[in-house]
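For reference, the structure is listed below as structure tokens.
Number of protein chains: 2
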Amino acid sequence: MSQGKLLYAQSGGVTAVINATAAAVIDTARRRKVPVLAARNGIIGALREDLIDTSKESAAAIKALRHTPGGAFGSCRFKLKSLEQDRARYERLIAVLKAHDIRWFLYNGGNDSADTSLKISQIARELGYPVNVVGVPKTVDNDLAVTDCCPGFGSVAKYTAVSVAEASLDVESMCASSTKVFIVEVMGRHAGWIAAAGGLAARKAGDPPHLILFPEVAFDEDAFLARVKATVERVGYCTVVASEGLKNAAGQFLAEAGTRDAFGHAQLGGVAPVLAQLVRQKLGYKYHWALPDYLQRSARHLASKTDAEQAWAVGKAAVEYALAGRNAVMPVIVRTSDAPYRWKIEPAPLERVANHEKTLPKGFISRDGYGITAAARRYLEPLIRGEDPPKYLRDGLPDYVRLGNAAVRRKLPRYEIAD
Amino acid sequence: MSQGKLLYAQSGGVTAVINATAAAVIDTARRRKVPVLAARNGIIGALREDLIDTSKESAAAIKALRHTPGGAFGSCRFKLKSLEQDRARYERLIAVLKAHDIRWFLYNGGNDSADTSLKISQIARELGYPVNVVGVPKTVDNDLAVTDCCPGFGSVAKYTAVSVAEASLDVESMCASSTKVFIVEVMGRHAGWIAAAGGLAARKAGDPPHLILFPEVAFDEDAFLARVKATVERVGYCTVVASEGLKNAAGQFLAEAGTRDAFGHAQLGGVAPVLAQLVRQKLGYKYHWALPDYLQRSARHLASKTDAEQAWAVGKAAVEYALAGRNAVMPVIVRTSDAPYRWKIEPAPLERVANHEKTLPKGFISRDGYGITAAARRYLEPLIRGEDPPKYLRDGLPDYVRLGNAAVRRKLPRYEIAD
């Protein structure tokens, strides 16, 4: 008689700590003697029956996994549509689960995967296949509902705050004769959570960053330039944190509105150079800009300890919930106290999480629109607290691991996914 | 009777560890009971008689300075010309040194400041003012002659190697359904030292980065695109490290050649977006690019221990040389062994250092022009070895210090510098 297996899959943009969640899932399941399969490249692997046998990985590899960025089994950008539209795919998924005796399915992702998890639990029930589906939270965007924060966010927040503090010290030293305006562009297409975290670099009023540009606040060119000028005149330089999702009053992304390449195409992915050109043309200041892009969300070397612990905790709880028979839930982080910061994990129904985007509360943006409030600080600061550096090897690089990812033998006919 | 004072000044682009040199200068001089003044904003402060009394800084502040990025007393981009052309300025400098009884002058910078140090020592001799001038090496560009490496370079090299490794793990996880080409642009206008350091991210053949684009190798669009395509087809994705100084066969910077903004101006400071557009237009791959800019040279949180130790050692030696009566020298790093890595500090005549730019040796670039050789690895790897993290405070940020920088009372008439 088979005891059943657990399937774990990663979804969407990866984070510095999603592998800590993966390591917790495997570690917790191993203690309970439950075999863990992983889907290669997320739900795509689950559909294609491209599964990985994690039992082949050594305890040392799983230990190193806890400190390794990226998604160890592969993740994907692939959204299943409604049960009506994508019925064949959902049925295929159930067939794969059944073929491999999967009784517990853990899907580690953001909003879309919470939604997918919910639908899989629904169709499984409809088809009479017994599987407990548990969503596991993860996203640098911090936009999941119900949970107080999302694993992955605290580390990108810490990276952003530390980088802004460091680069500002650099600019400050040189501003008398060199760069006067420094712009760093951060992720956050729809919500300014990461931009807000840049504000933590300022320990006291007047410290950099001097201006934060949120996607929630329409960009006002004149007001922005006046602020930059006043800041340079007052402190000698100006550090700006700009969200990639910054929009003008007409609702257009600035990154797409301003600059065209030699072929006349809109330049994508660069609000910082647009702002920099503006500063040069209108104010004549020497500028520099940075766009850390993936560096910010993969910077495991600078992970927040709080974040790494929470990433582990949701993975552990997800296994425990699934094995305890819970279905269509997600372990969420509940904050019980700001100071001292205290949190616990609780199960929340996936219905409450799926398709609800959590945006930056109005009360987190200062009245002038260019900074964060004390309430934002109370919320954000505990999330970047503590360090959890990886082990470094003698060659000066962190001890990051690439798993063997041995394939499980297929039992079903091949299945093609049209992209 | 006065005993004389020591003047320390920082010059040019700052680094993650130039303040470790500053801390070593102050610490060593304090042990010898020699008062240390610092020039505010480098040579500009020395000319303006804008001096800082470092004796007002606490021992705790100097201790924290060792771990603080940026230039604590301010640096500058300001080059003194020849003794003939800039005679009035050199004479002013000597007047300032004399007014404050400065008997030892330490100038911490790159090629230009080695040259300036040499000239100051020459005019002082000519004017009969007794001052020992010692150049102190510093530059992320690693282009100073004589010294085996330059303090500041090892840390930016470590930042680059670690960031390339981390971001590549991220891209690797997503490449089946998302970004296939990732380009990170690194500093190095004239020499590919930092780009080469990106190659350390690869522990074994085939590891990312898959392509390095050096300023020393003329960019060949067709060959580049063919390599990107072959890499994506072989491993699923392609990580590219591109030097900001990349040039085409006609010797033009790619960052200036390719892209124009909406106003028809060449876009400055962005070879990565130019390459990314090329990849999209010619190969159709989804891309991302990063441009860490100042983040790379200010990332004290990821400093190399070798680098931090060498930055301290040159500061300490500079004081010892000056107090021992040496003049027109620079403490340089001499490598006595690759494996185990061993180094020592020796004095070198400034004449041998000034105005000689050290470029990447031909033997460090692989025959195909897209990678580094074993010789490059032997040279580079010890420089990123070891970690020296700053202390972090409870708020999750490093304990970086801003000094009080109390001004010394002026003794001379004001002096204006036309910029």
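First to last, the sequence lines map onto chains P and R.
If you read the first sequence in the UniProt record's numbering, its first letter stands for residue 1, the second for the next number, and so on.
If you read the second sequence in the UniProt record's numbering, its first letter stands for residue 1, the second for the next number, and so on.
Glycine residues also receive a C-beta, built at the ideal position from the N, C-alpha and C atoms.
Keep in mind that this is a model prediction, so the values were computed, not measured.
Check                                                                                                                                                                                                 : Outcome
To the nearest angstrom, how far is it from the Cα of L225 (chain R) to the Cα of Q281 (chain R)?                                                                                                     : 11 Å
Can you find at least 3 beta carbon pairs, one from the segment 210-226 of chain R and one from the segment 241-252 of chain R, that sit closer than 8 Å?                                             : yes
According to a CB-to-CB cut-off of less than 8 Å, which residues of the segment 143-167 of chain P neighbour chain R?                                                                                 : K158, A161, V162, S163, A165, E166 and A167
Please go through the same chain and pick out, in chain order, the residues whose beta-carbon is closer than 6 Å to the beta-carbon of G206 (chain R), but skip the five residues on each side of it. : none
Just grab the DSSP bridge partners of P215 (chain R) for me.                                                                                                                                          : Answer is none; P215 (chain R) lacks a bridge partner.
Helix, strand or coil: which one does DSSP assign to M174 (chain P)?                                                                                                                                  : helix
According to DSSP, is L403 (chain R) part of a helix, a strand, or is it coil?                                                                                                                        : coil
List the residues of chain P whose Cβ lies closer than 9 Å to the Cβ of N405 (chain R), in chain order.                                                                                               : Result: empty, since nearest Cβ-Cβ is about 11 Å, beyond 9 Å.
When the Cα of I365 (chain P) is compared with those of P:A196, P:G13 and P:C76, which residue comes out closest?                                                                                     : P:A196
Which word fits R203 (chain R), buried or exposed, when buried means at least 16 other C-beta atoms lie within 10 angstroms of its C-beta?                                                            : exposed
Which partner residues of P398 (chain R) appear in the DSSP bridge assignment?                                                                                                                        : R:Y392
Do A324 (chain P) and A24 (chain P) have their CB atoms nearer than 9 Å?                                                                                                                              : no
Kindly provide the ranges of any beta strand (DSSP E) runs that are 3 or more residues long and lie completely inside the segment 88-154 of chain R, ordered along the chain.                         : 102-109 and 132-137
When the Cα of W343 (chain R) is compared with those of R:T373, R:Y379, R:N327 and R:V186, which residue comes out closest?                                                                           : R:Y379
Closest to I194 (chain R) by C-alpha separation, out of R:G152, R:D170, R:A354 and R:T68, would be which residue?                                                                                     : R:G152
Quickly, what does DSSP pair C238 (chain P) with across the bridge? List them, please.                                                                                                                : P:V181
How about V181 (chain P) and P209 (chain P): are their beta carbons less than 9 Å apart?                                                                                                              : no
Using a beta-carbon distance below 9 Å, is A20 (chain R) in contact with chain P?                                                                                                                     : no
The beta strand (DSSP E) spanning V332 (chain R) covers which residue range?                                                                                                                          : V329 to S337
Quick check: the Cα distance between R77 (chain P) and T179 (chain R), rounded to an integer number of angstroms?                                                                                     : 10 Å
Go to Y321 (chain P), then tell me how far its alpha helix (DSSP H) extends in each direction, as first and last residue.                                                                             : K305 to L323
Less than 9 Å between CB atoms is the rule here; does L302 (chain R) satisfy it with respect to chain P?                                                                                              : yes
Which residues, in chain order, does the segment 221-250 of chain P contribute to contact with chain R at a C-beta distance below 7 Å?                                                                : none
According to the Cβ coordinates, are S113 (chain P) and V134 (chain P) closer than 9 Å?                                                                                                               : no
Under 9 Å between C-beta atoms, does R414 (chain R) make it to chain P?                                                                                                                               : no
Would you call K247 (chain R) buried or exposed, if buried means 16 or more other Cβ atoms sit within 10 Å of its Cβ?                                                                                 : buried
Going by CA-CA distance only, name the one from P:N327, P:L6 and P:E172 that's closest to G74 (chain R).                                                                                              : P:E172
Is H210 (chain P) close to chain R? Criterion is C-beta to C-beta, closer than 9 Å.                                                                                                                   : no
May I ask you to report which of helix, strand or coil DSSP gives S75 (chain P)?                                                                                                                      : coil
Which residues of chain P have a Cβ atom closer than 9 Å to the Cβ of L97 (chain R), listed in chain order?                                                                                           : What L97 (chain R) touches in chain P: nothing, since even the nearest Cβ is about 21 Å away.
Distance cutoff 9 Å, beta carbons only. Does Y8 (chain R) sit that close to anything in chain P?                                                                                                      : no
Chain R partners of G4 (chain P), CB-CB under 7 Å?                                                                                                                                                    : Near G4 (chain P) there are no residues of chain R at all, since even the closest Cβ is about 27 Å away, more than 7 Å.
In angstroms, rounded to a whole number, what distance separates the CA positions of F263 (chain P) and A255 (chain R)?                                                                               : Caution applies to F263 (chain P), whose pLDDT of 46 falls short of 50 and renders its modelled position unreliable; the model cannot decide the point.
Of all Cβ atoms in chain P, is any one closer than 9 Å to the Cβ of S55 (chain R)?                                                                                                                    : no
Using a threshold of 8 Å, is the CB atom of G152 (chain R) nearer than that to any non-hydrogen atom of the ligand NAD?                                                                               : The ligand NAD is absent from the structure shown, which contains no ligand whatsoever.
Hey, T163 (chain R) and P292 (chain R): beta-carbon distance below 9 Å or not?                                                                                                                        : First, the residue type needs correcting, since residue 163 (chain R) is Ser and not Thr in the sequence shown. Yes.
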